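Participant: Mind having a look at this structure? Questions to follow.
Right, dumping it as structure tokens:
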């Protein structure tokens, strides 16, 4: 009979941990939070030191009952929720619900779900850290006060279904401000003049730098014509050659933020998708004979710290597979960022010996791609710098000493680049080899051609998810666990839309942020939000009282609420008109936001109540009637159906593809499983595997 009860959040985590603990332990899942503030009311007694009113979450009563029954049958209870503030809060709520003693060492934490980490964690249980709980409780109540006080105002003055969150409002403001910068941007003209040169039969290019060694910008065609006149028919002579050796250090292993950024750049993953797959890798994957194993360390972290054990393991791996010279001389800890809590390690593989290649048969395509990214980044972070030989050549032309500059580089030693090269944002140059021919000072060069290029300064780029997460982190807004849900929320509310993976504020988003900016400026003040994050950190450290933080915030917030209630005017939002015409009454259809996203509705409502989904054609013809197959959104998932529904009832939950079956000319579909994607015919037994 089991002597110990262990409670974690998810069944996957419970399965992995249960395997390591043995028969004396029974492991159950709480399925996340079981106790929280009520959804139907504020749930905070403002006049009684912001005392929260916690209730059992609807639908979680049976789970809590099961946990209480299990507790009666064991001698000891361990609470093993995730090792962060939220996990500590879950453990605290469970300890109170199960009536555990406050002095009982029931809390177990670990940063990776491996046999050694689990065994060690259960040797060192501790009491619940009330400072961590208070920090999470303060954040929860802060967000509840902002959301449940401002949102009803927006419902009343604008429209139902709107919300205003503390961090989401700042993110929306950043997106809106960037859009205003782009709209108001005035491009300025500038020119590049590039010489096509030749030395001993080898061609290369040099770009105009300036006059007499001073950098000079060419701002107009007049400047270009003046330059061309001074260099016409003049000798082209190398005036200076500088050679140097440049060392480029590897990037540190991933934090939550940098993982989301790099997964967006290299894998085209949304932040929410990255975190979902990382959660699967952390909680455990079935590796056949080895059983279920956690493949990465905890994925919500702002630290780049790496344990000594992991450093030694990766050092041995690098020596064995790449050679002694690829080891970083004296592996050192990376400096943590300004706001890093440093409670955990960086995101890394739990064992570098589990190479991506060795796991290929156990992971789905996306799991493998993300694991490979994490594995390669970690290995590279512990490797020697790359060494590049660089050469800068200054070329003098004409009496005014017009200087043209050519640069080149060559990888002398690849170092960490043997394993991994960091992705780049758009508009940044790569560090690819750019070789120059053998050149000497005072050498005369042959002119092949002159290329003047007119350019214009560009506005700042719109935020991608990766760029927004990076900026929020740099400004100290939010924490690792908040980035992905924040981005999801502002999209679900219809405040922003994604076009070519870049955020654009909608008219609704612009309206909402203008109202918040007018009546609640402190909520969207970046410095205020960053200071609040610092205060939450101080609560966690035990140096600041959480009630005091809330009281100071609410003092000004209450005044703003009263002012907004009296002064905010009601606003009528006009629906966006589509190109579609209602087939029932002939009026134009308009876009509406519903529970499952946008849909089309007749502008003649309530006289005409016609609605229809927004469909996306996929360039595949229906096998039944020849109509277009379109992508539709159901309540739970995307599916594919004939545009002529209900006359034609063709439907598929697997994506049809455009080429016909080579065996029977029937319709091919993509059948996706956890481990692979297979193309199948719906009419015959034809199958083919894809990557």
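Residue numbers (UniProt numbering): 1 to 691.
Just so it is clear, CB atoms sit at the ideal spot from N, CA and C, and this is done for glycine as well.
Quick caveat: nothing in here was measured; it's all calculated off a predicted structure.
1. Using 8 Å as the threshold, is the stretch 575-592 in touch with the stretch 604-619, meaning 3 or more CB pairs across them?
2. Is the stretch 620-627 touching the stretch 643-651 in the sense that three or more CB pairs, one from each, lie closer than 8 Å?
3. Within the stretch 491-517, note down every full beta strand (DSSP E) run reaching 3 residues or more, in order along the chain.
4. Where does residue 369 sit, in a helix, a strand or coil, going by DSSP?
5. CA-CA distance, residue 49 and residue 127?
6. Over the uninterrupted beta strand (DSSP E) stretch that includes residue 547, give me the two end residues.
7. Are the beta-carbon atoms belonging to residue 643 and residue 655 less than 8 Å from one another?
8. Comparing the C-beta of residue 100 with each C-beta of chain D, is any distance below 8 Å?
9. Per DSSP, residue 191 is paired with what?
10. Take residue 418 as the anchor and find which of 377, 454 and 441 has the nearest alpha-carbon.
11. According to the neighbour-count rule (16 or more other Cβ atoms, all chains shown, within 10 Å of its Cβ), is residue 514 buried or exposed?
12. So, is residue 665 buried or exposed, given that buried needs 16 or more other C-beta atoms within 10 angstroms?
13. Can you tell me whether residue 598 is helix, strand or coil according to DSSP?
14. Would residue 464 and residue 168 be called neighbours here (beta carbons separated by less than 8 Å)?
15. According to DSSP, is residue 168 part of a helix, a strand, or is it coil?
16. Could you tell me if residue 333 is buried or exposed, where buried requires 16 or more neighbouring beta carbons within 10 angstroms of its beta carbon?
17. Please return the same chain residues whose Cβ sits closer than 7 Å to the Cβ of residue 207, not counting the five positions on each side in sequence.
18. Assign residue 659 to one of three DSSP states: helix, strand, or coil.
19. Are the stretch 344-353 and the stretch 362-375 touching by the rule of at least three beta carbon pairs closer than 8 Å?
20. Let me check one thing: in DSSP terms, what residues is residue 628 bridge-paired to?
21. Does the stretch 141-154 come close enough to the stretch 113-131 that 3 or more CB-CB pairs lie under 8 Å?
22. Inspect the beta-carbon positions of residue 79 and residue 34 and report whether they are closer than 8 Å.
23. Here's the rule I'm using: 16 or more other beta-carbon atoms within 10 Å means buried, otherwise exposed. How should residue 427 be labelled?
24. Counting only runs of 3+ residues fully inside the stretch 52-102, write out the beta strand (DSSP E) ranges in chain order.
25. Report the CB separation of residue 218 from residue 205 in whole angstroms; it is logged as a contact under 8 Å.
26. Using three-state DSSP, classify residue 266 as helix, strand or coil.
27. Going by the CB atoms, is the gap between residue 270 and residue 677 shorter than 8 Å?
28. Report the rounded CA-to-CA distance for residue 17 versus residue 411, giving the unit in angstroms.
29. Might you give, ordered along the chain, the residues of its own chain that have their beta carbon closer than 7 Å to the beta carbon of residue 473, omitting 5 neighbours on each side?
30. Between 176, 122 and 123, which lies nearest to residue 503 when the distance is taken from Cα to Cα?
31. Which first and last residues belong to the beta strand (DSSP E) in which residue 251 is found?
32. Can you check DSSP and say which residues form a bridge with residue 126?
33. Our contact map puts residue 672 next to residue 686 with C-beta atoms below 8 Å; I'd like the distance itself, whole angstroms only.
34. Once DSSP output is grouped into helix, strand and coil, what is the label at residue 258?
35. Throw me the rounded Cβ distance for the residue 483 and residue 469 pair, which I believe falls under 8 Å.
36. Span of the alpha helix (DSSP H) holding residue 573?
Facilitator: To lay it out plainly:
1. yes
2. yes
3. 496-499 and 502-505
4. helix
5. 25 Å
6. Element bounds for residue 547: not the beta strand (DSSP E) but the alpha helix (DSSP H), 546-567.
7. no
8. The displayed structure is made up of one protein chain only, and chain D is not part of it.
9. 218 and 454
10. 377
11. exposed
12. exposed
13. strand
14. no
15. helix
16. Note that residue 333 scores a pLDDT of 48, beneath 50, so its modelled location is shaky; the value from the coordinates is reported in the next line. With fewer than 16 Cβ atoms within 10 Å of its Cβ, residue 333 is classed as exposed.
17. 192, 194, 404 and 405
18. strand
19. yes
20. 621
21. no
22. no
23. The predicted position of residue 427 is uncertain, since its pLDDT is 46 and thus under 50; no value can be drawn from it.
24. 76-79
25. Actually they are not in contact, since the Cβ atoms of residue 218 and residue 205 sit about 16 Å apart, beyond 8 Å.
26. helix
27. no
28. 46 Å
29. 257
30. 176
31. Unbroken run through residue 251: none, as it is neither H nor E.
32. 107
33. Wrong, their Cβ atoms sit about 17 Å apart, outside the cutoff.
34. helix
35. 5 Å
36. Element bounds for residue 573: n/a, residue is neither H nor E.
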